Ligand SMILES: NC(=O)c1ccc[n+]([C@@H]2O[C@H](COP(=O)([O-])OP(=O)(O)OC[C@H]3O[C@@H](n4cnc5c(N)ncnc54)[C@H](OP(=O)(O)O)[C@@H]3O)[C@@H](O)[C@H]2O)c1
């Protein structure tokens, strides 16, 4: 396969290393190709691990050259997410806030146990990342929140400072930033005298690159549509 990797930062480097046996074309400020239009344009798929600032470039290229896209970048605004949804009506698109198998399973568990626990347990979501991460909460924490919200209709609370008694219908959201933490996500179900904790720890960034490459292989040849990692791992929606 001929894969174009947009963004040649930490993740872009790992993806290109893992793609050694395939054809990888990095696009980034320090690469031979600075923009997608400078490339030879014939790719089976684009994998984007960069920044929302590159979205318009990717969307117009994918539309023009009918190229499937795996979006791994996080921190998109709602308006940008709509653009990705629009693109998925023209080419196959897969977006995931997290490409690790373990996190996708964690998300599945949240969908399954939240309806059972929502009456008697308070839900809190905690994430921790390295001090270079610019967006907060993490895309993965938002994904876990969305899954918990689907089952409860509760509202997120991002700030607790001073007098702020906990409401029964809120989900506390907490972000820790420090050092070189790769990525930790915890969903706590806190009941009377007992707490259930679902936790995932990423020990290296490689797991995300492996998942994104798996997603690219899945996407090539698929009908136009908006896919996610659950489709890759479990087949079918939800
Ligand atoms: N979904 C997942 O599983 C997952 C996992 C890890 C990371 N991520 C996300 O993937 C993205 C990249 O992560 P990373 O760890 O590789 O970060 P990084 O090391 O900071 O690399 C990001 C790259 O994006 C490009 N970039 C940054 N700011 C830009 C701007 N304003 N305009 C255009 N290009 C810009 C730069 O590449 P060039 O200089 O080469 O253009 C930069 O090296 C982040 O959004 C991160 O949250 C997602």
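In our numbering, the protein residues as written are 1359 to 1596. Backbone N, C-alpha and C fix where the C-beta goes; we use that ideal spot for every residue, glycine too. Because the structure is a prediction, the values reported are computed rather than measured.
Would residue i be called buried (16 or more neighbouring beta carbons within 10 Å of its own) or exposed?
i	result
residue 1596	With a pLDDT of only 41 at residue 1596, under the threshold of 50, the placement of this residue in the model should not be trusted; the figure read from the coordinates follows. The residue in question, residue 1596, is exposed, as its Cβ has fewer than 16 Cβ neighbours within 10 Å.
residue 1430	buried
residue 1346	The structure shown has nothing for residue 1346, since the chain only spans 1359 to 1596.
residue 1362	buried
residue 1505	buried
residue 1492	exposed
residue 1558	buried
residue 1545	buried
residue 1392	exposed
residue 1474	exposed
residue 1448	exposed
residue 1364	buried
residue 1400	exposed
residue 1527	exposed
residue 1538	exposed
residue 1555	exposed
Below 7 Å, is the gap between the Cβ of residue i and the nearest heavy atom of ligand 1?
i	result
residue 1408	yes
residue 1388	yes
residue 1432	yes
residue 1574	no
residue 1368	yes
residue 1563	yes
residue 1536	no
residue 1497	yes
residue 1454	yes
residue 1479	no
residue 1593	no
residue 1419	no
residue 1549	no
residue 1460	no
residue 1586	no
residue 1411	yes
What residue range is occupied by the uninterrupted alpha helix (DSSP H) comprising residue i?
i	result
residue 1496	First-last for residue 1496: undefined, no H or E at that position.
residue 1445	1436 to 1445
residue 1487	Per DSSP, residue 1487 belongs to no alpha helix (DSSP H); it is in the beta strand (DSSP E), 1480 to 1487.
residue 1569	1564 to 1577
residue 1418	1413 to 1423
residue 1374	1368 to 1376
residue 1524	No alpha helix (DSSP H) holds residue 1524; DSSP gives it neither H nor E.
residue 1461	1459 to 1475
Could you spell out where the beta strand (DSSP E) holding residue i opens and where it closes?
i	result
residue 1406	1403 to 1406
residue 1583	1583 to 1585
residue 1515	1513 to 1515
residue 1546	1541 to 1549
residue 1490	Residue 1490 -> no beta strand (DSSP E), and no H or E assigned at all.
residue 1391	Premise fails: residue 1391 is in no beta strand (DSSP E) and is neither H nor E.
Q | Stretch pair the segment 1446 to 1466 + the segment 1478 to 1491: three plus CB contacts closer than 8 Å | A | No, the segment 1446 to 1466 does not touch the segment 1478 to 1491.
Q: Inspect the CB distances between the segment 1520 to 1539 and the segment 1410 to 1429 and report whether three or more fall short of 8 Å.
A: no
(Q) Below 8 Å, how does it come out for the segment 1529 to 1549 and the segment 1505 to 1516: are there three or more Cβ pairs, yes or no? (A) yes
Q. On the three-pair Cβ rule with 8 Å, is the segment 1437 to 1444 touching the segment 1556 to 1569?
A. no
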